[in-house]
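In our numbering, the protein residues as written are 3 to 232.
The C-beta atom is built at its ideal place from N, Cα and C for all residues, glycine as well.
Notes follow the structure.
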Amino acid sequence: MKLRCPYCKHEYGPEPISICPYCKRSMTIPDHLRKVRFRERKRKRDIRAREAERQRAQLGFKPEPSFGRKPTHLLLIMGLMLMLGAMLVIRASREKITHPQATIRRASRHLRALNAALERFHRDCGRYPTTKEGLAALVLNPGEDNWGGRSGHHYVNVIVPDPWKNNYYYVNTNRTFLLLCLGPDGQLGTEDDILPEIPTEEEIVGPHGYWRLTNAVVSTNAPAVLDVER
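Below, the structure written as structure tokens:
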């Protein structure tokens with residue numbers, strides 16, 4: 003059997019060698035023409051590689067890490083980085099989207115805390131804030147001697163609007179009061195108005211209720227609405 007060099011077109015043989023004896027260029031010999039098949043050649047290369055590693059270890063050389071030296075390792079790392087980036091993008095996009103029910107629950111927590119603060123104001127001062135005083139009376143003393151109880155602390159200490167950037171609605175009706183959130187449409191007397199839940203005794207009796215408050219400086223003419231977290 004003779005082979006022909008693809009470069010210089012000379013024929014040679016009968017042994018299939020990968021180096022042309024005329025032009026000295028290398029070429030690929032088909033596996034079916036080789037005496038030793040691919041698997042056998044790979045096994046011999048692995049044996050030589052292990053023997054070389056053993057000899058380097060005997061001489062005191064540290065074995066070199068094999069991970070990252072093959073193209074498949076690089077593709078694997080790039081795939082993992084793409085998956086991680088996609089997960090971070092999806093998570094960030096979800097955090098930006100506020101579910102309507104979550105917004106309503108936040109407004110309900112605000113109303114419940116304000117309701118408890120009004121009850122504590124009534125317990126200490128014997129009345130509810132007037133409509134003119136508004137919810138700001140929970141932050142700054144409107145002139146009551148027993149305002150704040152024994153501790154003298156304000157009842158709420160953060161002024162923010164509701165989740166829809168509207169002020170919470172408060173009106174004193176002589177013996178009681180009307181407190182509600184105007185909802186997404188910002189209109190009073192519509193179906194999306196949110197009424198407060200009745201606070202528990204624990205929320206009313208505590209110095210600041212069951213709610214965790216944050217410090218803030220407020221003005222007397224600002225509508226007092228607190229931002230709370232359970």
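Tell whether a beta-carbon distance below 8 angstroms holds between residue i and residue j.
| i | j | result |
| --- | --- | --- |
| E199 | R114 | yes |
| Y14 | R27 | no |
| G151 | D126 | yes |
| Y157 | F179 | no |
| D164 | A118 | no |
If you draw a straight line from the C-alpha of residue i to the C-alpha of residue j, how long is it?
| i | j | result |
| --- | --- | --- |
| A104 | H75 | 44 angstroms |
| E17 | Y24 | 15 angstroms |
| D195 | V162 | 18 angstroms |
| K134 | P201 | 24 angstroms |
| M80 | K46 | 32 angstroms |
| L137 | P131 | 7 angstroms |
| R177 | A94 | 48 angstroms |
| D147 | T175 | 23 angstroms |
| K2 | K4 | In this structure the chain extends from 3 to 232, so residue 2 is not present and cannot be described. |
| A88 | P73 | 23 angstroms |
Report the residue from the options whose alpha carbon sits nearest the alpha carbon of residue i.
| i | options | result |
| --- | --- | --- |
| Y171 | L86, L197, E121, L84 | L197 |
| R111 | T30, C183, T175, I49 | C183 |
| Q189 | R129, W166, R52 | W166 |
| P186 | K11, L78, P102, L5 | P102 |
Just to check my reading of the structure: residue i and residue j have Cβ atoms closer than 8 angstroms, yes? What is that Cβ distance to the nearest angstrom?
| i | j | result |
| --- | --- | --- |
| L120 | L181 | 7 angstroms |
| V141 | N159 | 6 angstroms |
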